[in-house]
Ligand SMILES: Nc1ncnc2c1ncn2[C@@H]1O[C@H](COP(=O)(O)OP(=O)(O)OP(=O)(O)O)[C@@H](O)[C@H]1O
Ligand SMILES: [Mg+2]
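Residue numbers (my numbering): 2 to 359.
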């Protein structure tokens, strides 16, 4: 922190914004110096005895928390090291980018911002990802701003790359403070970003162990597992043939029929199943897709207790085996499925959409 370039307008901005109870958001493209600016502000304000809440909403390159999460850390003293990890709270979203998880991203940022205020932060700073281009980014950022209602938006630009966002915000009456990116900004390659994430997973799962969880005691918001009526596969009408499926697990709840297959690539007679079970939706989970999937373990108030990866699911025994550092597994009320696959030594090795809907 001591070696960073602090342009004169950063000092002036820190002084100008330090009064009152505020929420502020920092936006800029990837590698524009957002996180360095956030840490500078946290340092400047805590030095003036202001309690600062740092909400890290960058799902891929989290400074405070872990990949796939939005996190919060309260600072009463200046941040010390480059990556001041160890968040006070975090909320699982499910992916290292908001695509496919827009609702979860917004909800998580709102939860962490509310928590920051509850914990007495006088200023809550929201660090964001560099997701700025295109209509989806524009819609997400606008909803974030409308939901959080920040007193100011700090915009870091090298030239005019986020004017397509800022012009609209200005029309809507939000206070924008434009700052130039530092000439000392260092860009990072995709490989460096991946390595950074892997180190974060590795550190997080260092104390993890294998533990079982009863699927009957938890809810999976993305499917009906454990909430419906189990169907014995031998009770399937003879004309329904599930090619390539050894012993499928079937469960019906409301308008949905859930099928859990041991293997991938089975053919599902969707229309026949819908007609036979009088459902509108057939949902398929192929077990190999679940292996090493990163999931969020949330308590009854929807606070994330921690992350886990899936080792195995035995739906017949109602048992989900997880690898997680979370101790209070009995407090888990919901399990949120993500899309990232992480090996036990912390290596991220792919993405999977494990639930198919017809
Ligand atoms: N003001 C500055 N003075 C010195 N170095 C800086 C400054 N701003 C940024 N850097 C350098 O650039 C790197 C990237 O900055 P930073 O991590 O803040 O960018 P970012 O916009 O948060 O990136 P991302 O989009 O990946 O979150 C930093 O690690 C640091 O080395
Ligand atoms: Mg950053």
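Cβ coordinates follow ideal geometry from the N, Cα and C atoms, glycine included.
Bear in mind that the values here come from a model prediction, so they are computed numbers and not experimental data.
Nearest neighbour of residue i, chosen from the options [CA to CA]
i: residue 237; options: 300, 251, 152; result: 251
i: residue 288; options: 151, 315, 194, 102; result: 315
i: residue 317; options: 248, 54, 161; result: 248
i: residue 74; options: 68, 60, 59, 90; result: 90
i: residue 64; options: 46, 170, 202, 310; result: 202
i: residue 106; options: 118, 157, 92, 76; result: 92
i: residue 224; options: 54, 307, 282, 329; result: 282
i: residue 347; options: 231, 72, 206; result: 206
i: residue 243; options: 269, 44, 123; result: 269
i: residue 163; options: 147, 182, 97; result: 182
i: residue 240; options: 274, 309, 10, 256; result: 274
CB of residue i within 8 Å of CB of residue j, strictly
i: residue 337; j: residue 296; result: yes
i: residue 325; j: residue 209; result: yes
i: residue 49; j: residue 128; result: no
i: residue 260; j: residue 284; result: yes
i: residue 140; j: residue 166; result: no
i: residue 365; j: residue 349; result: Since the displayed the chain opens at 2 and closes at 359, residue 365 lies outside it and no answer follows.
i: residue 95; j: residue 340; result: yes
i: residue 179; j: residue 158; result: yes
i: residue 53; j: residue 122; result: yes
i: residue 78; j: residue 47; result: yes
i: residue 176; j: residue 152; result: yes
i: residue 131; j: residue 40; result: no
i: residue 1; j: residue 60; result: This structure does not reach residue 1, given that the chain is present from 2 up to 359, and the question cannot be answered.
For residue i, three-class secondary structure by DSSP
i: residue 2; result: Only weak support is given to the placement of residue 2: the predicted model assigns it a pLDDT of 49, under 50, and the value that follows is read from those uncertain coordinates. Residue 2 falls in the coil class under three-state DSSP.
i: residue 248; result: coil
i: residue 341; result: strand
i: residue 328; result: coil
i: residue 257; result: strand
i: residue 126; result: strand
i: residue 90; result: strand
i: residue 335; result: strand
i: residue 143; result: helix
i: residue 301; result: coil
i: residue 164; result: helix
i: residue 230; result: strand
i: residue 308; result: strand
i: residue 283; result: strand
i: residue 187; result: coil
Boundaries of the beta strand (DSSP E) in which residue i is found, first to last residue
i: residue 54; result: 53 to 57
i: residue 1; result: Because the chain is modelled from 2 through 359, residue 1 falls outside the range shown and cannot be assessed.
Delimiting residues of the alpha helix (DSSP H) encompassing residue i
i: residue 202; result: 191 to 205
i: residue 71; result: Unbroken run through residue 71 is the beta strand (DSSP E), 70 to 76; no alpha helix (DSSP H).
i: residue 14; result: 9 to 18
i: residue 276; result: 271 to 278
Whole-number beta carbon distance between residue j and residue i, since they are thought to touch under 8 Å
i: residue 213; j: residue 320; result: 5 Å
i: residue 311; j: residue 293; result: 7 Å
i: residue 149; j: residue 110; result: 7 Å
Pocket of ligand 4 (residues with CB nearer than 7 Å to any heavy atom), chain order: Among the ligands present in this structure, namely ligand 1 and ligand 2, ligand 4 is not found.
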